[in-house]
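If you read the protein sequences in the order shown, they are chains U and Y.
Residue numbering for the first sequence follows UniProt numbering, starting at 1 and increasing by one per position.
Residue numbering for the second sequence follows UniProt numbering, starting at 1 and increasing by one per position.
Note that beta-carbon positions come from the ideal geometry of N, C-alpha and C, so glycine has one too.
The model shown is predicted, which means the values in this text are computed figures rather than measured ones.
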Amino acid sequence: KWKGEGTTQNLESIVIGRCYDYIRIVNPAVGEKNCSQIWEAFKNAFINKDPCSILPKDYELFINLTLHTIPPNKSLFWENNQLLVNSFADRGRRYMSLGDTLFGFVADFLYWCGQADSPGLDYESCPTTVECENNTVDSFWRMASITYAQHSSGVIHVLLNGSADGGAYPQPGFFADYEIPNLQKDKISQIVIWVVDDIEGPDIDSCGVNTVKTLETRLKTLGYDVTCTDNNKSVMFLLCL
Amino acid sequence: MPLQQGSARVRQRTVLLVGIAVLLGALVLAVVLASLLTHGRHEASPEMLKWKDRGTTKNLQEVILGRCYNYITAQHPELGDKDCLKIWESLKDAFIYKNPCNITPEDYQPLMELASHPIPCNKSLFWSKTGDLAHRYTKSNQNFLTLEDTLLGYMADKVSWCGDPSAPGINYESCPKRSECESNPGSVFWKTASKMFAEAACGVVQVMLNGSVEAGAFRSSSIFGSIEVFNLDPDKVSEVHIWLMQDIGGPQSESCSGHSIQRLINILEERNFKIICEDNYRPVQLLQCVHNPDHTDCRLCTNSS
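Pasting the structure below:
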């Protein structure tokens with residue numbers, strides 16, 4: 001029916017389990033949360049609805065229940081380099097990427113959707129972005145990205161992939177469309193951009209060039225203090241192989 | 001006769017009054033006893049044993065189940081036939097209502113059998129005093145697997161549990177430290193799982209050791225030194241590669257030519273394994289350097305390339 005992957009099996013157990021994993025082990029500093037309530041809020045955002053009619057604000061209750069402080073200077077935004085981000089972020093110890101917050105952690109790498117006039121989850125297939133914009137998963141990440149940007153402060157880091165097809169700063173993209181517009185200018189002291197190439201990948205984009213230049217200009221125009229590094233050292237170390 | 005009738009009535013009234021008094025007394029006694037007994041039952045398990053380490057992780061069942069499903073669904077769909085509920089039950093049965101100083105490897109056998117899965121050859125990565133670095137490496141290079149990257153280790157990592165003979169059978173307040181008793185649920189679990197992990201290894205195996213530790217990179221008292229080394233199967237494992245990592249900017253306490261490494265090499269050679277030892281194995285060191293790019297140790301790497 002749809003072209004995308006169906007709902008992940010055992011979704012409820014995984015989401016609730018991850019919720020408790022997060023508050024008990026990964027980041028107990030966020031305090032006590034009601035993980036069953038959080039699952040209900042998550043589910044109610046899309047159950048019994050046409051999976052092409054889901055909006056970011058449908059996840060508002062879920063976000064309210066999972067929200068917690070993001071420590072200043074720890075936000076790490078990224079595009080097209082999830083493995084590298086995980087390595088840099090070190091499970092929230094060095095940086096706290098969206099996937100290291102409670103709201104990002106419970107949903108990372110999962111798929112889900114419901115159907116109109118039925119209380120069940122659709123395990124067969126779910127709509128892709130191409131099939132419809134307002135699908136369950138994209139709307140979730142839009143809401144999560146908006147929230148993440150709104151609660152970021154201090155020095156902000158952005159990790160971009162200099163080997164990505166179409167440029168390191170994708171437009172349209174989550175960072176361009178949902179995160180930059182929701183940064184709180186008065187809470188941010190500096191934006192640090194890192195452009196890192198894939199191991200043995202082409203050097204398509206760099207600081208001051210192409211899409212990265214577009215990004216730098218946009219942020220400077222918005223009034224931010226911006227620096228950009230091609231993180232050559234990291235690249236060279238990885239190339240040392 | 002009027003006097004006799006009067007005294008009989010008095011006696012009747014007295015009996016009645018005494019009877020009422022006795023009844024009241026019995027009632028009061030019953031109420032007091034009842035409140036004492038129920039009060040005792042509501043008190044938070046005063047009979048549970050008290051230990052020095054942190055207690056069972058709260059919401060243990062949800063965490064274990066969630067991790068199990070996460071592992072077999074989202075990460076390793078080839079293990080889709082695993083029954084996570086059964087796996088949880090077998091873990092719980094291993095320790096619930098038992099004295100946490102009396103746990104045996106046999107207690108974990110059902111769990112081990114349900115949760116074990118084959119490990120591809122040449123991928124096993126053992127580690128000792130390098131947990132953080134080893135796990136960061138396997139996360140960025142999925143060609144290697146530590147015990148904590150297998151289903152069993154993944155479920156149990158950073159989680160604690162122990163039982164108690166009194167209800168509800170699980171102790172969330174405290175659990176025994178190794179110094180209090182060795183046969184505690186956590187220690188026995190990791191020893192048993194490590195033994196199985198070593199037995200399952202085949203082809204070339206890797207071990208990441210810490211060359212910045214004062215007490216020596218290889219210790220006979222560690223799980224690697226006491227269990228894993230001796231459970232590698234010479235019929236399945238051909239070579240052991242030692243990666244001796246020193247902290248960036250840390251002390252260079254030991255290298256491949258060091259005493260404890262020589263001891264390890266002797267033990268392994270005696271069991272007919274071929275050994276290769278490498279100081280600061282490059283790919284792992286690069287991972288260290290990514291986080292310390294400005295350190296002189298890392299500049300040396302850049303210059304030498």
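Is the Cβ of Y69 (chain Y) closer than 8 Å to any Cβ of chain U? Sequence index remark: in the second sequence, residue 69 (chain Y) carries index 69 (1-based). Yes - at least one Cβ of chain U is within 8 Å of the one on Y69 (chain Y).
Using the Cβ count rule (16 or more neighbours within 10 Å means buried), how would you classify G99 (chain U)? Here residue 99 (chain U) refers to the residue found at position 99 when the first sequence is read from its first residue. Looking at its Cβ environment, which holds 16 or more other Cβ atoms inside 10 Å, G99 (chain U) is buried.
Proximal chain U residues relative to K195 (chain Y), where beta-carbon distance stays under 8 Å: For this step, residue 195 (chain Y) is matched to residue 195 along the second sequence. Result: empty, since nearest Cβ-Cβ is about 25 Å, beyond 8 Å.
Residue burial classification, H157 (chain U) (beta-carbon count within 10 angstroms, cutoff 16): Numbered from its first residue, the first sequence carries residue 157 (chain U) at position 157. Counting Cβ neighbours within 10 Å, H157 (chain U) comes out buried, since at least 16 surround it.
Below 8 Å between beta carbons is the criterion; list the residues of the stretch 138-160 of chain Y that meet it against any residue of chain U, in chain order. K139, S140, K158 and V159
Do I23 (chain U) and W39 (chain U) count as a contact pair if the criterion is CB distance below 8 Å? Within the first sequence, residue 39 (chain U) is the residue found at index 39, counting from 1. Within the first sequence, residue 23 (chain U) is the residue found at index 23, counting from 1. Going by C-beta atoms, W39 (chain U) is not nearer than 8 Å to I23 (chain U).
Counting only C-beta atoms, is D230 (chain U) closer than 8 Å to chain Y at any point? Taking the first sequence and counting its residues from 1, one reaches residue 230 (chain U) at position 230. False, the Cβ-Cβ gap to chain Y never drops below 8 Å.
Cutoff 8 Å: T227 (chain U) Cβ touching any chain Y Cβ: Here the question's residue 227 (chain U) lines up with position 227 in the first sequence. Cβ-Cβ to chain Y under 8 Å: no for T227 (chain U).
When you check each C-beta in the stretch 61-89 of chain Y against every C-beta of chain U, which residues fall closer than 7 Å? E62, V63, L65, G66, R67, Y69, N70, T73 and A74
Pair within 8 Å by beta-carbon distance, F46 (chain U) and T128 (chain U): Counted from its first residue, the first sequence places residue 46 (chain U) at position 46. Counted from its first residue, the first sequence places residue 128 (chain U) at position 128. Not in contact: F46 (chain U) and T128 (chain U) (Cβ atoms no closer than 8 Å).
Let me see if you follow: with CB-CB separation under 8 Å, is T8 (chain U) close to chain Y or not? Here the question's residue 8 (chain U) lines up with position 8 in the first sequence. By this cut-off, T8 (chain U) is an interface position.
Against chain U, with Cβ distances strictly below 8 Å, would R54 (chain Y) count as a contact? For this step, residue 54 (chain Y) is matched to residue 54 along the second sequence. Not one chain U Cβ lies under 8 Å of R54 (chain Y).
Whole-angstrom Cβ separation of S97 (chain U) and L76 (chain U), contact assumed at under 8 Å? Within the first sequence, residue 97 (chain U) is the residue found at index 97, counting from 1. Within the first sequence, residue 76 (chain U) is the residue found at index 76, counting from 1. About 4 Å separates the two Cβ atoms, so the contact holds.
Taking 8 Å as the CB-CB cut-off, is D90 (chain U) touching chain Y? If you number the first sequence from 1, residue 90 (chain U) lands on position 90. At least one chain Y Cβ lies under 8 Å of D90 (chain U).
Using C-beta distances below 6 Å, list every residue in its chain close to K231 (chain Y), excluding the 5 sequence neighbours before and after it, in chain order. Translated into the one-based positions of the second sequence, residue 231 (chain Y) becomes position 231. Strictly speaking, residue 231 (chain Y) in this sequence is Asn, with Lys absent from that position. So the list reads K195, A198 and E199, once near-sequence residues are dropped.
Using the Cβ count rule (16 or more neighbours within 10 Å means buried), how would you classify D21 (chain U)? Numbered from 1 along the first sequence, position 21 holds the residue referred to as residue 21 (chain U). Result: buried.
How many angstroms separate the CA atom of E216 (chain U) from the CA atom of Y59 (chain U)? Within the first sequence, numbered from 1, the residue matching residue 216 (chain U) stands at position 216. Within the first sequence, numbered from 1, the residue matching residue 59 (chain U) stands at position 59. One C-alpha to the other measures close to 31 Å.
Continuous alpha helix (DSSP H) assignments of at least 4 residues falling wholly in the stretch 155-201 of chain Y: 185-200
T57 (chain Y) at chain U interface by Cβ criterion, 8 Å: Here residue 57 (chain Y) corresponds to residue number 57 of the second sequence, with the count starting at 1. So, interface residue.
Would you give the residue range spanned by the alpha helix (DSSP H) that T147 (chain U) belongs to? Locating residue 147 (chain U) in the first sequence gives position 147, counting from the first residue. Taken as a continuous stretch (DSSP letters only), the alpha helix (DSSP H) holding T147 (chain U) covers T136 to Q150.
Let's see if you can read the secondary structure: which residues bound the alpha helix (DSSP H) around W88 (chain Y)? Residue 88 (chain Y) sits at position 88 when you count from the first residue of the second sequence. Its alpha helix (DSSP H) spans residues C84 to F95.
Using a Cβ cut-off of 8 Å, pull out every chain U residue sitting near R178 (chain Y), in sequence order please. Position 178 of the second sequence, counted from the start, is the residue given in the question as residue 178 (chain Y). Ordered by position in chain U, no residue passes the 8 Å Cβ test against R178 (chain Y), which lies about 20 Å from the chain.
Taking only beta-carbon positions, decide if R136 (chain Y) is within less than 8 Å of chain U. Sequence index remark: in the second sequence, residue 136 (chain Y) carries index 136 (1-based). R136 (chain Y) counts as touching chain U.
Assign L91 (chain Y) to buried or exposed, taking buried as 16 or more other Cβ atoms, counted over all protein chains shown, within 10 Å of its Cβ. Start at 1 with the first residue of the second sequence, and residue 91 (chain Y) comes out as number 91. So L91 (chain Y) counts as buried.
Take T302 (chain Y) and list the residues in its own chain whose beta-carbon comes closer than 7 Å to its own, dropping the five residues that flank it on each side. Taking the first residue of the second sequence as 1, we reach residue 302 (chain Y) at position 302. Below a pLDDT of 50, predicted positions are generally treated as unreliable, and T302 (chain Y), at 43, falls in that range; the measurement from the model is reported next regardless. None.
Count the other CB atoms within 10 Å of the CB of I276 (chain Y); is the residue buried (16 or more) or exposed (fewer)? By one-based count along the second sequence, residue 276 (chain Y) stands at place 276. Exposed: under 16 other Cβ atoms inside 10 Å.
Among residues of its own chain, excluding the 5 on either side of E148 (chain Y), which ones have a beta-carbon nearer than 7 Å to its beta-carbon? The residue you call residue 148 (chain Y) lines up with position 148 of the second sequence. Within the same chain, E148 (chain Y) has close Cβ partners H135, Y154 and D157.
Take G258 (chain Y) and list the residues in its own chain whose beta-carbon comes closer than 7 Å to its own, dropping the five residues that flank it on each side. On the second sequence, residue 258 (chain Y) is found 258 positions in, with the first residue counted as 1. The answer, listed in chain order, is A217.
Hey, K33 (chain U) and L61 (chain U) are a contact pair by Cβ (cut 8 Å); roughly how many whole angstroms apart? Residue 33 (chain U) sits at position 33 when you count from the first residue of the first sequence. Residue 61 (chain U) sits at position 61 when you count from the first residue of the first sequence. Their Cβ separation, rounded to whole angstroms, is 13 Å, which puts K33 (chain U) and L61 (chain U) out of contact at 8 Å.
Are the CB atoms of P100 (chain Y) and C175 (chain Y) nearer to each other than 8 Å? One-based indexing of the second sequence puts residue 100 (chain Y) at position 100. One-based indexing of the second sequence puts residue 175 (chain Y) at position 175. Yes, they are a contact pair.
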